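**Q** FYI, the numbering for the sequence shown is 534 to 1251, going by my numbering.
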Amino acid sequence: MKSTGERILVFAMCLSIAMTAIFAGHKVMAEEAVASTIRMTKTEGEVKVTDSSGTELKTTDNMRLFNGNHVGTDKASYAYFNLDDKKAVKLDAISETEIHKKGDNLEVLVLSGNMYFNVSEKLKSGQNVNVRTSNMVMGIRGTIIQTRQNGDTTEIVFIDGNGEGETSDGQHIEAGPGEKVTVQGDQDGSVKINTDKATIEDLGGFVWIEIANDPDARDKAEGAGFDTEGVTPESAKDRQNKEEQANSDLQDKVNKNKEDQDNNSNNDAYWGGNSTQGQTGTGTNPPPQAVTPQGQGNTVQPETPQEPATPENTNPVVEQPSEEDPPAENNDGESQQKKKYKITLNFDSDDGKVKSTVSEAEEGKSVTIKVSPKDGYKVKSVSSKQVDLEEDDGKYTFDMPAKDVTITVKFEKVEEDTPQPEPEPEPTKYTVTTECDTSQGSISISPSGELTAGTSVTATAVPNEGYSFDSMTITNTSDNSAVTASGDGNTKSFTMPEGNVKVSATFKLNTYDIATSVSGADASFVSVLVNGEAATSAAYGQKVTVRVKMNDNYYPKTISVNGNSETATYVSANTGEEPWTLDYEFTMGTANAQVDVTYVTPTAITGYDSDGWMMSVTSIKGDVKFSTNDHEGSIFVGTTMDEELDPMTDTMLIIFPGATLTIGERTTIKVGSNASIINYGTIKCIVSMETEEWNGSIVEAGGQIINRGNGAIVNAEG
534 MKSTGERILV FAMCLSIAMT AIFAGHKVMA EEAVASTIRM TKTEGEVKVT DSSGTELKTT
594 DNMRLFNGNH VGTDKASYAY FNLDDKKAVK LDAISETEIH KKGDNLEVLV LSGNMYFNVS
654 EKLKSGQNVN VRTSNMVMGI RGTIIQTRQN GDTTEIVFID GNGEGETSDG QHIEAGPGEK
714 VTVQGDQDGS VKINTDKATI EDLGGFVWIE IANDPDARDK AEGAGFDTEG VTPESAKDRQ
774 NKEEQANSDL QDKVNKNKED QDNNSNNDAY WGGNSTQGQT GTGTNPPPQA VTPQGQGNTV
834 QPETPQEPAT PENTNPVVEQ PSEEDPPAEN NDGESQQKKK YKITLNFDSD DGKVKSTVSE
894 AEEGKSVTIK VSPKDGYKVK SVSSKQVDLE EDDGKYTFDM PAKDVTITVK FEKVEEDTPQ
954 PEPEPEPTKY TVTTECDTSQ GSISISPSGE LTAGTSVTAT AVPNEGYSFD SMTITNTSDN
1014 SAVTASGDGN TKSFTMPEGN VKVSATFKLN TYDIATSVSG ADASFVSVLV NGEAATSAAY
1074 GQKVTVRVKM NDNYYPKTIS VNGNSETATY VSANTGEEPW TLDYEFTMGT ANAQVDVTYV
1134 TPTAITGYDS DGWMMSVTSI KGDVKFSTND HEGSIFVGTT MDEELDPMTD TMLIIFPGAT
1194 LTIGERTTIK VGSNASIINY GTIKCIVSME TEEWNGSIVE AGGQIINRGN GAIVNAEG
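1) Given a cut-off of 8 Å, decide if A1192 and I1219 are closer than it, judged by their beta-carbon atoms.
2) Helix, strand or coil for E1099, going by three-state DSSP, please let me know.
3) Specify the secondary structure class of F1189 as computed by DSSP and reduced to three states.
4) Contact check, A609 vs A626 under 8 Å by CB: the rounded distance?
5) For the 8 Å Cβ check, are there 3 or more pairs between the segment 1044 to 1056 and the segment 1003 to 1015?
6) Could you work out which residue in S1105, E707, E1110, D721 is closest to D1116 when comparing CA atoms only?
7) Counting only the same chain and skipping the five closest in sequence on each side, list residues whose C-beta sits under 7 Å from that of G999.
8) What does DSSP give as the partner residues of V604 in its beta bridges?
9) Please report how far the alpha carbon of T1201 lies from the alpha carbon of N1240, in whole angstroms.
10) Pop quiz: F1159 and K1203 are said to be a contact at Cβ under 8 Å. What is the actual Cβ separation, rounded to whole angstroms?
11) Starting from R751, trace the beta strand (DSSP E) both ways and give me its first and last residue.
12) Going by C-alpha to C-alpha distance, which of Y1103, I902, I632 sits closest to F1119?
13) Am I right that Y963 and M1005 are in contact with their C-beta atoms under 8 Å? What's the rounded C-beta distance?
14) Taking S1026 and V990 to be in contact with their CB atoms under 8 Å, please state how far apart those CB atoms are, rounded to whole angstroms.
15) Taking the DSSP output, what are the residues bridged to F1002?
16) Quick check: what's the CA-CA separation for E895 versus S889?
17) Leaving out five residues on either side along the sequence, give the residues of the same chain with a beta carbon under 6 Å from the beta carbon of N863.
18) What number of angstroms, rounded off, separates the C-alpha of S1070 from the C-alpha of W1113?
19) Considering T700, what are the terminal residues of the beta strand (DSSP E) in which it resides?
20) Can you tell me whether A1018 is helix, strand or coil according to DSSP?
21) Mind checking which residues open and close the beta strand (DSSP E) that includes W1113?
22) Within 10 angstroms of its Cβ, does V517 collect 16 or more other Cβ (buried), or is it exposed?
23) I'd like to know whether the C-beta atoms of T732 and T686 end up nearer to each other than 8 Å.
24) Going by other Cβ atoms of all chains shown within 10 Å of its Cβ, with 16 needed for buried, is N600 buried or exposed?
25) Roughly how many angstroms separate the alpha carbons of N1095 and V1130, rounded to a whole number?
26) May I ask you to verify whether the segment 905 to 923 touches the segment 878 to 888, counting CB pairs closer than 8 Å and requiring at least 3?
27) Between V912 and the ligand ATP, is the CB less than 7 Å from at least one heavy atom?
28) Would you mind sorting S701 into buried or exposed? The rule is 16 or more other CB atoms within 10 Å of its CB.
29) Classify I902 as helix, strand or coil using the three-state DSSP reduction.
30) Rank G718, I677, G672 by C-alpha distance to the C-alpha of E697 and give the top, closest one.
31) Leaving aside the five residues before and after Y611 along the sequence, list all residues of the same chain whose C-beta is less than 8 Å from its C-beta, in chain order.
32) Counting only the same chain and skipping the five closest in sequence on each side, list residues whose C-beta sits under 7 Å from that of E640.
33) Taking DSSP as the reference, what is the three-state secondary structure of G558?
34) Measure from the alpha carbon of L616 to the alpha carbon of each residue in I1231, R572, S1093, then state which is nearest.
35) Just tell me which of F1002, S1209, A992 has its CA closest to the CA of S979.
36) For S899, count the other beta carbons within 10 Å of its own beta carbon; 16 or more makes it buried, fewer makes it exposed. Which is it?
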């Protein structure tokens, strides 16, 4: 039986001849294909190269290709090419291409399968590249494309650049980035053209791999509108593996159908008894002679000989001509044939059949023997004195030695077994899927996985923090009918129907109350806002503003939410006009909020002149100057003179809007570790005209100086 690659090659050679005839009378609009060399830089898996006569060539890395060379890939196999060492071409698995070259003109013929062309780099002056299929030819200079050829259908997806060409019946083709052109040939020779917008799913896994590993190709694909976000080296390899498996399964099915057809043919030359012989010399194997079973007379010809199965190509693998001595254009020559040796099959045709892929073969050629016992018989032994046989599922293979080979097959009867009852068929299994906004909650299914009809299932909707369960629906997706369920609240139970099920749930955002408490001032000094409007409640996660008033006599010392003074944070101060207000903000949690505001009445300072100053809560109203009576000294806020040993607690100096605190020469204000100066007005530090060391200054001895609203600290001359 022929390998996958050999079947593709035979078809490709026939298709190549047909395509040449199809385009013989057409003047195409594609550009003259000019390129100096094409090289097959590397291969993966099983890649076969032949010349135009069908002679197999030895495959090497960086192999230069010539006119008439065919390249075919097997399952999970790929070939990579360079045109003039720059432009990249890739041949997909189970694909076939042919190189047409005359003088300096080069054309790539896509016979079957898929190819990727990256010809986006500028070519030398006068150079162009054409791609040809069974029903069209197109110039692709300056493009990145993928081509698919399947029978009479050609598909080209443009990733970058523009292409123009002509169909076999003379129609004009033109496409650009992000477009997919499909050319469909009919039996009457006419051609239909369809142009659509292309998506990333139109590109094969072998092209995904190029985009994933080539930043320039990715940029151009994105520029053409392809969504490449999900194209990673891992996802591209996974896509290619899945396509390889699907193509492999399809190819195995095709090969199996061909094999069944071969087995059903009545060819006495292969299914005879005593021996099967071939002839040597010409390079084409004539129909093998029919034979008789062992011990039943002389070899005779069948009355009506059947057409034998086409034998494998027995031409030897030869070296590709060197670059220094390339083959003459359009003159491929004939390969010298090696000596072939006979294969004889001995078996009893009453007990089974034995078939060889060839009746004679060259030394080193792989030969396969298929052994098929009749009903009621099994293979007892398969042997040969000349070669060692390797068995795989009824097929025996060996490499042909430099001598004739005899294969002896013996069959024996099979003892009848007691019939076993047919096993019960596996029950059909179904799945349960869920649908909800995962930012609001989730749905758990028990049991999960694949389930049979009649299974009892429980679905539970679980809301996230700040949300509550709203509703649940259960649907049989095979007919979109509602599934009957029982249970209250967020848990429902149902019986699995004969079909897949979807469970959907919705959730709603919780709302919580807000209460306020004011001490030390009137309740009207505090208000609660949500989205700029007065509110007594807020939804989970919403921003809540607490707006507090202040004046010369009332100052909001602490603001706490549910007992925590750090929950609400200061946002802004409105001190441009009275009443002055401060805005604090917190985020609504998963419980009701209690906002407590404590006011204090600060002690007003109108002037001061001392080496030390300590008060709990004080305020500056109007213009106040701190000095040390013309000698160096410090003003202490929230601490004694021994600030590290005896800090005062809860000390606050408030400079109200419009007020000014002046720090005289040689005077330093020290803010203790538990104290703070909150400045809504101006702190003015006097600059000494005599020495910088006498400048008025502020030292944060562990405390804080906070400017709010229009509060500022400035330097000024005394």
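Backbone N, C-alpha and C define an ideal beta-carbon position, used for all residues, glycine too. Just so we're clear, the structure is a prediction, and the values are computed from it rather than from any experiment.
**A** Straight from the coordinates:
1) no
2) coil
3) coil
4) 6 Å
5) no
6) S1105
7) L1042, N1043, Y1073, G1074, T1123
8) V582, T630
9) 18 Å
10) F1159 to K1203, Cβ: 11 Å. No contact.
11) First-last for R751: 748 to 756, but that is the alpha helix (DSSP H), not the beta strand (DSSP E).
12) Y1103
13) Contact flag wrong, Cβ pair sits at about 19 Å.
14) 7 Å
15) F1040
16) 14 Å
17) At N863, the pLDDT of 43 sits below 50, so the modelled position is not reliable and the matter cannot be decided from this model.
18) 25 Å
19) 696 to 700
20) strand
21) 1113 to 1120
22) As displayed, the chain neither begins before 534 nor continues past 1251, which places residue 517 out of reach and without an answer.
23) no
24) buried
25) 11 Å
26) yes
27) Ligands are entirely absent from the displayed structure, and the ligand ATP is therefore not among its contents.
28) buried
29) strand
30) G672
31) T576, E577, G578, V580, K623, L624, D625, A626, F739
32) A566, H633, N663, R665
33) Confidence in G558 is poor, its pLDDT being 38 and thus under 50, which makes the residue's placement unreliable; the coordinate value appears in the next sentence. Residue state, collapsed to three classes: coil.
34) R572
35) A992
36) exposed
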